[in-house]
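Mapped onto numbering that gives the first Met the number 0, the consecutive letters of the sequence shown carry residue numbers 0 to 256.
Just so it is clear, CB atoms sit at the ideal spot from N, CA and C, and this is done for glycine as well.
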Amino acid sequence: MGAEADAPARISADTVLGGRLTLRQPEEGHRVGHDALLLAAFAPEDRRRAVDLGAGVGGAGLAFLTRVRDASATLVEIAPELAGLAEENAAANGLADRAEVVAADVRALARPSGPPRPAAGGADLVLMNPPFNAEARHRTSPDAGRARAHMAGAALLEDWVRAADRCLAARGVLCLIHRPEALAEILAAVSRRFGAVEILPVHPRLDRPAVRLLVRAVKGRRTPPALLPGLVLAGGDGAPTPEAEAVLRGGGAIGAP
């Protein structure tokens with residue numbers, strides 16, 4: 000029994016963005032999917048100093064660096080084994096000179112007692128894919144990594160938004176992805192520190208309700224929120240829409256012509 004518990008996780012190498020990015024990740028537990036790629040594609044291209052909170056094996060942060068070739072990023076991940084894979088993935092994809100990996104709790108960032116990087120006010124972009132399944136409404140996964148990636152305490156979203164605020168310079172941009180039912184919580188958390196909020200719903204099909212919200216906000220702004228045209232992932236025949244293909248396989252930005 001002890002030998003089984005100590006056995007190393009099986010690792011797979013998976014390509015995303017039409018082969019532009021290869022990610023080594025555990026075969027079991029939380030794995031890089033559409034969420035990370037959509038989040039990276041929603042980030043504005045004029046940002047140069049990014050921080051990826053809850054980076055896992057580096058999906059969102061490295062996808063952003065693959066698209067924006069003169070940007071750099073700090074990838075923050077609490078699980079040392081995933082942080083190690085993120086570091087390997089940055090090197091394997093030729094991004095080691097632009098990607099720094101920090102194994103730390105998001106809540107400790109940009110504090111005097113926290114890690115030296117990311118520094119307070121040093122970023123102009125924060126990417127955030129927080130755990131978003133409330134413990135009261137969902138069964139906890141028996142896999143520790145999956146549970147950590149998907150389970151959120153009541154104050155977690157607020158804590159992560161505060162961390163993003165500390166990391167960002169004035170007029171810095173926060174981009175996050177979450178479930179639609181958390182809209183009220185998202186607006187409450189960001190409205191204290193951010194404005195110019197843009198919300199983009201992501202629909203599995205045109206006739207289905209949104210399954211994700213992409214949210215973008217600017218630190219220090221006070222302009223009202225805007226609801227953007229949604230992104231539809233698949234047509235009636237189940238095939239990916241051209242817009243989804245351009246983002247998930249083509250490596251393009253959401254909303255790009």
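Q: Report the option in L16, G60, I185 whose CA atom is closest to the CA atom of A243.
A: Position 244 of the sequence shown, counting from 1, holds the residue named residue 243. Of the listed residues, the one whose Cα sits closest to A243 is L16.
Q | Nearest-angstrom beta carbon gap, A98 and A89 [assumed within contact, 8 Å] | A | As a working note, residue 89 is residue 90 in the sequence shown. As a working note, residue 98 is residue 99 in the sequence shown. With 8 Å as the limit, A89 and A98 qualify as a contact, their Cβ atoms being about 4 Å apart.
Q) By DSSP, does L155 sit in helix, in strand, or in coil? A) For the purposes of this step, residue 155 is taken as the residue at position 156 of the sequence shown. Looking at L155 - three-state DSSP - the assignment turns out to be helix.
Q. In chain order, what residues of the same chain lie with their CB nearer than 7 Å to the CB of A35, ignoring the 5 residues before and after it?
A. Translated into the one-based positions of the sequence shown, residue 35 becomes position 36. Result list for A35: G58, A59, A62, N128, in chain order.
Q | Classification of D206 by the beta-carbon crowding that lies within 10 angstroms, buried from 16 upward | A | Start at 1 with the first residue of the sequence shown, and residue 206 comes out as number 207. Exposed, since its Cβ has fewer than 16 Cβ neighbours within 10 Å.
Q) Once you ignore the five residues that flank G251 on each side, which residues in its own chain have a CB closer than 8 Å to its CB? A) Taking the first residue of the sequence shown as position 1, residue 251 is located at position 252. Here the set comprises A40, R66, A245.
**Q.** Which of helix, strand or coil DSSP assigns to G18
**A.** For the purposes of this step, residue 18 is taken as the residue at position 19 of the sequence shown. G18: helix per DSSP, three-state reduction.
Q: Rounded to whole angstroms, what's the CA-CA distance from S190 to L124? Just pull it up for me.
A: The residue you call residue 190 lines up with position 191 of the sequence shown. The residue you call residue 124 lines up with position 125 of the sequence shown. Looking at the two C-alpha atoms, the distance is approximately 17 Å.
(Q) Output needed for A209: all residues of its chain with C-beta closer than 7 Å, excluding positions within five of it in sequence on either side, in chain order. (A) Numbered from 1 along the sequence shown, position 210 holds the residue referred to as residue 209. The answer, listed in chain order, is P179, P200, V201, H202, G229.
Q: Give the DSSP-derived three-state secondary structure of V201 in the structure shown.
A: For the purposes of this step, residue 201 is taken as the residue at position 202 of the sequence shown. Note: V201 maps to strand in three-state DSSP.
Q) Is the beta carbon of V217 sitting closer than 8 Å to the one on R165? A) Numbered from its first residue, the sequence shown carries residue 217 at position 218. Numbered from its first residue, the sequence shown carries residue 165 at position 166. Taking 8 Å as the Cβ cut-off, V217 and R165 do not qualify as a contacting pair.
Q) Expressed to the nearest angstrom, what Euclidean distance is found between the alpha-carbon atoms of A85 and R110? A) Residue mapping note: residue 85 aligns to position 86 of the sequence shown, counting from 1. Residue mapping note: residue 110 aligns to position 111 of the sequence shown, counting from 1. The alpha-carbon atoms of A85 and R110 are separated by roughly 23 Å.
Q) Counting Cβ pairs closer than 8 Å, one from the region 41-52 and one from the region 9-28, do we hit at least three? A) no
Q: Please report how far the alpha carbon of A78 lies from the alpha carbon of D96, in whole angstroms.
A: Residue 78 sits at position 79 when you count from the first residue of the sequence shown. Residue 96 sits at position 97 when you count from the first residue of the sequence shown. A78 and D96: Cα-Cα distance of roughly 22 Å.
Q. For H177, which option in R192, A195, A154, V214 has the closest C-alpha, if you only look at C-alpha atoms?
A. Reading the sequence shown from its first residue, position 178 is the one you call residue 177. Out of R192, A195, A154, V214, V214 has the C-alpha closest to the C-alpha of H177.
(Q) I'd like to know whether the C-beta atoms of L38 and L156 end up nearer to each other than 8 Å. (A) Translated into the one-based positions of the sequence shown, residue 38 becomes position 39. Translated into the one-based positions of the sequence shown, residue 156 becomes position 157. Against a cut-off of 8 Å, the Cβ pair of L156 and L38 comes out as no contact.
(Q) Suppose the cutoff is 8 Å on Cβ atoms and the five residues either side in sequence are ignored; what does the same chain contact list for E44 look like? (A) Residue mapping note: residue 44 aligns to position 45 of the sequence shown, counting from 1. Within the same chain, E44 has close Cβ partners R66, V67, A252.
Q: Please state whether DSSP places V31 in a helix, a strand or coil.
A: Position 32 of the sequence shown, counted from the start, is the residue given in the question as residue 31. DSSP places V31 in coil when its eight states are reduced to three.
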